[in-house]
Every structure is written in structure tokens, then in C-alpha cells.
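S.K.:
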Amino acid sequence: MTKEKVKTGVEGLDEMLEGGLIPGRAYVVSGTSGSGKTTLGIQFLMEGASKGERVIYVCLDEPPNEIKRNMQSFGWDLGNVQVFDATPDVMNYDKTPVRDVSTERRVLYFKDVGEQIRQTPDYSPVDVTINTIQEVLKQEMKVRKYSRIVVDSLTSLRYFYIRTSEENSSMISFFRLMSDLGATSLLTVQLPEVAKPDVEIHMARGEIRLHKWVDGRGLMRGVTVEKYRGSWHDDRMRPMKITSEGVVVKTASPVKEAGEADSFVDVIERAASGMEKASSDAQSNTSPPQGEPAKPVDNPKSSDTTDAEPKGSSSGGAP
Amino acid sequence: MPSEPADRISTGIAGLDEMLEGGLIPGRPYVVSGTSGAGKTTFGIQFLHEGVKEGERALLVAIDEPPSEIRENFRALGWDVGKIRILDVHPTAKSFSKRVSLVEVAAQRTVGALREAAPSAKSEALKQASPEISIQSLQLMLKQELQEVKYARVVLDSLTSLKKLSENMEDTKSSISSLLRYLSEAGVTALVVTDLPDPGEVESEIFLCRGEIRLHKRMVSNKIDRFVTIEKFRGSDHDTMPRPMTLSDKGLTVDARKKVAKASLRTLQAFTQYSR
Numbered sequence: 451m452t453k454e455k456v457k458t459g460v461e462g463l464d465e466m467l468e469g470g471l472i473p474g475r476a477y478v479v480s481g482t483s484g485s486g487k488t489t490l491g492i493q494f495l496m497e498g499a500s501k502g503e504r505v506i507y508v509c510l511d512e513p514p515n516e517i518k519r520n521m522q523s524f525g526w527d528l529g530n531v532q533v534f535d536a537t538p539d540v541m542n543y544d545k546t547p548v549r550d551v552s553t554e555r556r557v558l559y560f561k562d563v564g565e566q567i568r569q570t571p572d573y574s575p576v577d578v579t580i581n582t583i584q585e586v587l588k589q590e591m592k593v594r595k596y597s598r599i600v601v602d603s604l605t606s607l608r609y610f611y612i613r614t615s616e617e618n619s620s621m622i623s624f625f626r627l628m629s630d631l632g633a634t635s636l637l638t639v640q641l642p643e644v645a646k647p648d649v650e651i652h653m654a655r656g657e658i659r660l661h662k663w664v665d666g667r668g669l670m671r672g673v674t675v676e677k678y679r680g681s682w683h684d685d686r687m688r689p690m691k692i693t694s695e696g697v698v699v700k701t702a703s704p705v706k707e708a709g710e711a712d713s714f715v716d717v718i719e720r721a722a723s724g725m726e727k728a729s730s731d732a733q734s735n736t737s738p739p740q741g742e743p744a745k746p747v748d749n750p751k752s753s754d755t756t757d758a759e760p761k762g763s764s765s766g767g768a769p
Numbered sequence: 152m153p154s155e156p157a158d159r160i161s162t163g164i165a166g167l168d169e170m171l172e173g174g175l176i177p178g179r180p181y182v183v184s185g186t187s188g189a190g191k192t193t194f195g196i197q198f199l200h201e202g203v204k205e206g207e208r209a210l211l212v213a214i215d216e217p218p219s220e221i222r223e224n225f226r227a228l229g230w231d232v233g234k235i236r237i238l239d240v241h242p243t244a245k246s247f248s249k250r251v252s253l254v255e256v257a258a259q260r261t262v263g264a265l266r267e268a269a270p271s272a273k274s275e276a277l278k279q280a281s282p283e284i285s286i287q288s289l290q291l292m293l294k295q296e297l298q299e300v301k302y303a304r305v306v307l308d309s310l311t312s313l314k315k316l317s318e319n320m321e322d323t324k325s326s327i328s329s330l331l332r333y334l335s336e337a338g339v340t341a342l343v344v345t346d347l348p349d350p351g352e353v354e355s356e357i358f359l360c361r362g363e364i365r366l367h368k369r370m371v372s373n374k375i376d377r378f379v380t381i382e383k384f385r386g387s388d389h390d391t392m393p394r395p396m397t398l399s400d401k402g403l404t405v406d407a408r409k410k411v412a413k414a415s416l417r418t419l420q421a422f423t424q425y426s427r
């Protein structure tokens, strides 16, 4: 790789990625709810904006006014980050003409986002589909050359904007579009508590996975680079924190083993899958079921989520 | 950690407010999850009761239980829940005859104060019609109600039942998305009650809500042990430890200073229902 890498905005993470992300490619940031995906995405855009790059945030799950307010608690000024509010309107369930989002909404700066949530127009709410989002991105790219794109979240896109029968093919075409656009993009993916790999993970040029679990020390966070095409990367889980400065990753040390034998999330999961025999032998069950000796953490929760084969894991709780 | 300058809305449980750094951020939807008997409905009523005490308008959308039963249950606790308004969407027995359309159901909704709740709040006409309740029809009902009355708090008990009543599964995800969006636009702080989420699925309501408060119930040596965790809370710092919770005639209380005993965390959940 001769091209200079793109900094993520998180120093420790750049170290794990041997300098950053390869420009012009699409990457996935995955994690359970509350693991910091949105924060990392915004931080990635802020890094670009601070260098005068053009950056865009495609907002699909939370409305932009809430994102703006939530990020104020980090003291970040999102003013120069552009935002495309693709959150769907309230459905009318009456026969009213539905107009297409690409004809109705434009990209704007975060500084122009109001305090209140955008209200659905009384007549003709706006319809959002994956095709129209692709159209908007193509149009926008022609006018302004964005160098960074964040789509938050790909899970919303799959859930609420794509017909079930077309889910996978639409996802694959979306990744193709992201490559064609030439910007470095981060696409967030919400993982269930027990992970199943989806097509978007396969299509991404890399996956940064954010982990969150509870053990005797309280809420713990870690980050792994699950996949990174065309570059060497750190293969250990590193401790992560969300501080007043945003996401911080420490690469000096891998995640330490918990003093407590059992994370309680794990207990719930095993109870769910009927793996729990008796509370007394819970302690002996804590090592990762597939026996990965190189695993830096003795945390069943995180080994669950990093497991590539859901059926192979004996602690998988999927019904 | 990030600081939050804005106002918060109290949950009605002092210890939980402490865990939430002052309470919930107003105008956003939140999930309360837990097994059956974990205290979800009690929490919901307590949240509405707190609002009513402050002179706010509070609405309970009752799907699981008829309003008369809810009133009886909380009267036993000595609570005056009379001022909480209630929208009864308890489905009537199916008559398997021609059903009226969803819009007609919405037009016939009845909202009354909880104190007026009669054994059966449904009108005779509605009973004969045997309407279908769905996420769509509920949204239409709420729309009419919220246009007339400015509610600050809404509790939906429970979304799990509502999902089961909505027959067309393909529309469920986007309908939930639309309903939660509607509540946000109306500016209400909403609590959505659900069963424990399936660990192998991304449940759309939990994914879309701005926070999840999970109520846990375990059997520890012949005694029910309760605790609460905050799984997610957007835009705010929060307590990350599980905290002990008690259910008494004062409702739910949480001690945000105490730790949950290790024994409780290790013991399997006695009544966990993951059936789906």
C-alpha cells in the first residue's frame, strides 16, 4: 500500500490498523446497542472536517437533532459536518400521495439542524427506500467531493428500507455503490447479543467490532479488528473507553481477564440456551467454548460475538 | 465523562433516576424490558403517577390487561392512580365474522380516566364489530388522542402483545419505526414495555429506542431477587452496574449505592421465558 492511510480520529485504533484505513473503501463498525458505533462514526467525520475535508453523515435511525444534542456532551461542534436526514416519516396508513425522499430532502449542515425533531408533513409523507438513498448519494457526490461518508446505520437500511426478499442483493449493490463513490466510508451495523454473520460483514473491506460486556468490574468495553483487507492489523482485543473526549483506545495492553469468574450477561445467555446446568459449575464453563488459546480475554460474551460460526458456539442462544 | 446540561424527567424511582444521572431525556422513547412478573407494569404506572403528581398529563395504553384489572391491582397497593388516563386497546374476542376496517376502530376509541374504568370499557358496538388491533390502528388512535390532549408521558403496555396482534409480520418493523417516530414528533416521553429481548435477534424497538432499562428477576435460595440494569442510554452517562431493586407497597425502589450480591448474578433465572 503506497497510498497514505485515512486516520479514524481514534489514535489507538489507528495504531491497531497500522496507520488507519485504506482510502476509498467501505468499512463496517459493528457492535451491540450502546457500544459506541455512532460516537466512533461522528469522531471519524470530525477528524476529516478538522482537516478541511468534506464529510457527510447519512442519518437513518436517530433523528439528527438528537445526534446533534447527544454529541454536544462531548463538546464537539458538528457544524461543518453535512447531514442527510433519511429518517422515515410517520406513516399515514391512509391513501395519501407519498413522495420520494430524493425529491424532497436535501443535505444540510449540522449547524442548520434545529432543536426539535423534524415534523412529518400533514399531507404526503416522504417515502424512503434504499434506491432513493443511493440516488441522493450519487447526486451529492457529483456536486461535492466527499472524502468521508458515515451511514448510521446499515441495520436500519436493511430493516426499514429494503423489501425482505431483496435484502441481500440490495446490500451487495449498496457496497458496490460505496466503492464507486470513492470516499472512505464507515457503515454501522447493530449486532444482536449473540452474533450471526450477515452479508454486509462479508462485503466490507474491513470490520471494526466494538464490544461491551458487564463483569465484576462493571461495564467493560473493548475493540477488535475482525477483518482488514490489504493491510496488516492488530489481532488482539484492546481496551476502549468512552470519555468526555469521545472514543479512546489503549493499545499498550490487551484487555485483562476479569477478576470475577462470570459476567452476568453470560449467565443470562446460557440460561436462555439451556446450557446452564447448575449454578455451582458456572465457574468451570467460562472459558470460550471453542478453545481459542490466543484469545486475549477470558470473556465468553466477547468470544461469542467474535465467533464466525453461530452454530459452532456452544453458548449460542439463538432459538 | 460527558456532561448533560439539559432537563431530565424523573422516572418516579429515586434510585433509578440516580443511575440515569437525573432521569430520562424528555421527548424520547425508551424500552422497559424484563420477564413476566419482573415489575414492568408497576414501573410503567409509577412513571405515569410521577407525572400526574407534577400536574402533567399521562396516558396508559393498556393492551395486556383490561383497565379495570389494572385499577384493582394498584388499589391494592394503596395508590391513587385515578388521574392517569387510559386508552383501552384490549382486543375483544374474535367473532370470526366480517370485521370493520382499521380506521373505523380508530374512530371508536375510548379514553377515560383510570378511576372510571368499568369492568368492560368497550362499547357494545365495538364488541360486535370485533375489531382488529394492530400497530397501525393504535398509531391512528394515538394520533387522534394526542391532537386533543397534550400528554407529557405515555406508557405502552406491552409492545410484545401488540406485535403478536399485528398479523402482517413484514410490516411490523416499519410500523414500529413509524409509531416511535410519531411519539417523538408529538414530544412525549414514552416507555415501551417488552419481554426480554431475544439475544439472537436485533429487536427493532430496542434498536430504535434511545435507551433500555432491563428489570431482572431471579430465584436465589428460595427467595426472589430483583435487580435493574441500564442497557443503553443515548446522549447521557449512566450507571453501568446492576443495582438491587425491591417491589413493595411503595412500588419499585432501587438502591443505586448498593451492589448486587455475586450469588444473585450467578444464579440462573428461575422464570426466564425466551419463548418466541
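So the protein sequences, as listed, match chains F and R.
Whatever position you read off the first sequence (first residue = 1), add 450 for my numbering.
Whatever position you read off the second sequence (first residue = 1), add 151 for my numbering.
All C-beta atoms, glycine included, are put in the ideal place defined by N, C-alpha and C.
Keep in mind the model is a prediction, meaning the values are calculated, not measured.
Taking DSSP as the reference, what is the three-state secondary structure of methionine 591 (chain F)?
M.R.: Helix.
S.K.: Could you list which residues in chain F have their beta carbon closer than 9 Å to that of glutamate 172 (chain R), in chain order?
M.R.: What glutamate 172 (chain R) touches in chain F: nothing, since even the nearest Cβ is about 10 Å away.
S.K.: Between which two residues does the alpha helix (DSSP H) harbouring tyrosine 609 (chain F) extend?
M.R.: First-last of the alpha helix (DSSP H) with tyrosine 609 (chain F): 604 to 610.
S.K.: Comparing the CB of leucine 631 (chain F) with every heavy atom of the ligand ATP, is any distance shorter than 8 Å?
M.R.: As for the ligand ATP, it is missing from this structure, which has no ligand bound.
S.K.: Provide the residue span of the beta strand (DSSP E) that contains lysine 383 (chain R), from first to last.
M.R.: Element bounds for lysine 383 (chain R): 374 to 384.
S.K.: Quick one: does lysine 324 (chain R) have its CB under 9 Å from some CB of chain F?
M.R.: For lysine 324 (chain R), the answer is yes, since a Cβ of chain F falls inside 9 Å of its Cβ.
S.K.: Taking leucine 291 (chain R) as the reference, which of R:Ser312, R:Lys314, R:Lys301, R:Leu334 has the closest Cα?
M.R.: Nearest C-alpha to leucine 291 (chain R): R:Leu334.
S.K.: Quick one: what does DSSP say phenylalanine 494 (chain F) is sitting in, helix, strand or coil?
M.R.: Helix.
S.K.: Please list the partners that arginine 519 (chain F) has in chain R, where partner means a Cβ-to-Cβ separation under 7 Å.
M.R.: Gly386, listed in chain order.
S.K.: Taking the DSSP output, what are the residues bridged to arginine 394 (chain R)?
M.R.: Looking at the DSSP assignment, arginine 394 (chain R) forms a beta bridge with R:Val379.
S.K.: Check whether chain F comes within 9 Å of phenylalanine 358 (chain R), counting only Cβ atoms and requiring the distance to be less than that.
M.R.: With 9 Å as the cut-off, phenylalanine 358 (chain R) counts as an interface residue toward chain F.
S.K.: Please identify the residue among F:Lys561, F:Phe534, F:Gly564, F:Asp562 whose C-alpha is closest to the C-alpha of valine 551 (chain F).
M.R.: When each option's Cα is compared against that of valine 551 (chain F), the closest is F:Phe534.
S.K.: Is the Cβ-Cβ distance between leucine 175 (chain R) and glycine 351 (chain R) less than 9 Å?
M.R.: Cβ atoms of leucine 175 (chain R) and glycine 351 (chain R): not closer than 9 Å.
S.K.: Beta-carbon of glycine 166 (chain R) versus every beta-carbon of chain F: anything under 9 Å?
M.R.: Chain F, which has no Cβ nearer than 9 Å to the Cβ of glycine 166 (chain R), makes this no.
S.K.: Extract the residue ranges of the alpha helix (DSSP H) inside the segment 458 to 518 of chain F, only unbroken runs of 4 or more that lie entirely within it.
M.R.: Those alpha helix (DSSP H) runs which fall completely within the segment 458 to 518 of chain F and span 4+ residues are 461 to 466, 487 to 500.
S.K.: According to the Cβ coordinates, are leucine 191 (chain R) and valine 183 (chain R) closer than 9 Å?
M.R.: Before going on, a small fix: residue 191 (chain R) reads as lysine here, not leucine. For lysine 191 (chain R) and valine 183 (chain R), yes; Cβs fall inside 9 Å.
S.K.: Along the chain, which unbroken stretches of the alpha helix (DSSP H) at least 4 residues long are found entirely within the segment 607 to 695 of chain F?
M.R.: You should have 617 to 631, 649 to 653.
S.K.: I want to know whether the segment 640 to 647 of chain F touches the segment 452 to 468 of chain F - three or more CB-CB distances under 8 Å.
M.R.: Touching, no, given that fewer than three Cβ pairs across the two stretches are closer than 8 Å.
S.K.: If we cut at 9 Å on Cβ distances, does arginine 394 (chain R) have a partner in chain F?
M.R.: Judged by the 9 Å Cβ criterion, arginine 394 (chain R) is not in contact with chain F.
S.K.: Give the secondary structure of alanine 337 (chain R) by DSSP, where H, G and I count as helix, E and B as strand, and everything else as coil.
M.R.: Coil.
S.K.: Looking at chain F, is there any beta carbon in it that lies within less than 9 Å of the beta carbon of alanine 177 (chain R)?
M.R.: First, the amino acid is wrong: residue 177 (chain R) is proline here, not alanine. It does not: the Cβ of proline 177 (chain R) has no partner Cβ on chain F nearer than 9 Å.
S.K.: With a cut-off of 8 Å, do at least 3 Cβ pairs link the segment 465 to 484 of chain F to the segment 565 to 575 of chain F?
M.R.: Touching, no.
S.K.: Go ahead and pull the three-state DSSP assignment for threonine 537 (chain F).
M.R.: The answer is coil: DSSP assigns threonine 537 (chain F) none of H, G, I, E or B.
S.K.: Please report the Cβ distance between isoleucine 327 (chain R) and glutamate 296 (chain R), rounded to the nearest whole angstrom; I am assuming they are in contact, meaning their Cβ atoms lie under 8 Å.
M.R.: 19 Å between Cβ atoms; not a contact.
S.K.: Determine, for arginine 361 (chain R), whether the minimum Cβ-Cβ distance to residues of chain F falls below 9 Å.
M.R.: At least one chain F Cβ lies under 9 Å of arginine 361 (chain R).
S.K.: Nearest chain F C-beta to aspartate 400 (chain R) closer than 9 Å, yes or no?
M.R.: No, aspartate 400 (chain R) lies away from the interface with chain F (no Cβ there is under 9 Å from its Cβ).
S.K.: Where does isoleucine 364 (chain R) fall in DSSP's three states?
M.R.: Here isoleucine 364 (chain R) sits in strand by DSSP.
S.K.: Do methionine 396 (chain R) and aspartate 406 (chain R) have their C-beta atoms closer together than 9 Å?
M.R.: Yes. Within cutoff.
S.K.: Please list, in chain order, all residues of the same chain as glutamine 532 (chain F) whose beta carbon is under 6 Å from its beta carbon, the five residues on each side excluded.
M.R.: Counting only Cβ-Cβ distances below 6 Å, and skipping sequence neighbours, we find Ile506, Val557, Tyr559.
S.K.: Per DSSP, arginine 598 (chain F) is paired with what?
M.R.: For arginine 598 (chain F), which the question treats as bridged, DSSP gives the partners F:Val505, F:Thr634.
S.K.: Against serine 619 (chain F), what residues of chain R qualify as contacts under a CB-to-CB distance less than 8 Å, listed in chain order?
M.R.: Neighbours of serine 619 (chain F) on chain R: none; closest Cβ ~17 Å, over 8 Å.
S.K.: Are the beta-carbon atoms belonging to threonine 340 (chain R) and leucine 310 (chain R) less than 9 Å from one another?
M.R.: Cβ atoms of threonine 340 (chain R) and leucine 310 (chain R): not closer than 9 Å.
S.K.: Name, please, each residue of chain R whose Cβ falls closer than 8 Å to the Cβ of glutamate 516 (chain F).
M.R.: Simply Arg179, Arg361, Arg385, Gly386.
S.K.: Evaluate alanine 728 (chain F) with the Cβ neighbour count: other Cβ atoms within 10 Å of its Cβ, from every protein chain shown; 16 or more gives buried, anything less gives exposed.
M.R.: Residue placement at alanine 728 (chain F) is flagged as unreliable, the pLDDT there being 37, under the threshold of 50; a coordinate-derived value is accordingly withheld.
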